[in-house]
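Its first residue numbered 1, the sequence shown is counted upward by one per residue in the UniProt record's numbering. Glycine included, each C-beta is placed from N, C-alpha and C at the ideal position. In this text the structure is predicted, and so the values were computed from the model without any measurement. Structure first, then comments.
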Amino acid sequence: MIILTAALQAKKGKETEVEQILVHMVSETAQEEGALEYRLHKSKNNDGSFLFYEKYSGQTAFETHVASAHYKQLGEQLGGLLAKEPIIDFYDFITGIPE
């Protein structure tokens, strides 16, 4: 299983535009086989700060995601809209409770 977070910071004044682009990614990624969770969050404390929580069934599903047309378009669409490079962290699941 592949679990990661991707943190993105929109430039001031570009928050709404970035949010719309990221929301579209959720609907596109939902159609991918092996994409188990793909959740978009918006910070309450930091305007324009977004966080994806992503879970894939395995390496193949993750590679399919990053090779998808919508993932490649994401980079193009966000060009000039982010204050800094996205921060991506990979995790190993330890324990948790269901929602």
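- [ ] Using beta-carbon positions only, say whether Glu54 and His65 come within less than 9 angstroms of one another.
- [x] Here the question's residue 54 lines up with position 54 in the sequence shown. Here the question's residue 65 lines up with position 65 in the sequence shown. Yes; because the gap between Cβ atoms is below 9 angstroms, this pair is in contact.
Task: Residue of Leu81, Ser68, Gln31, Ala30 minimising C-alpha distance to Gly48 - done: Taking the sequence shown and counting its residues from 1, the one referred to as residue 48 is at position 48. Looking at the Cα atoms, Leu81 is the closest of the given residues.
TODO: Select from Ala35, Phe52, His24 the residue whose C-alpha is nearest the C-alpha of His41.
DONE: Within the sequence shown, numbered from 1, the residue matching residue 41 stands at position 41. Nearest of Ala35, Phe52, His24 to His41, Cα basis: Phe52.
Open item on the list: In this structure, how does DSSP classify Ile21 when only helix, strand and coil are distinguished?
Closed with: Position 21 of the sequence shown, counting from 1, holds the residue named residue 21. For Ile21, the secondary structure class from DSSP, reduced to helix, strand or coil, is helix.
TODO: Since I believe Ala10 is in contact with Ile87 (beta carbons under 8 angstroms), could you give me their beta-carbon distance rounded to a whole number of angstroms?
DONE: Residue numbering aside, residue 87 sits at position 87 when the sequence shown is read from its first letter. Residue numbering aside, residue 10 sits at position 10 when the sequence shown is read from its first letter. 14 angstroms between Cβ atoms; not a contact.
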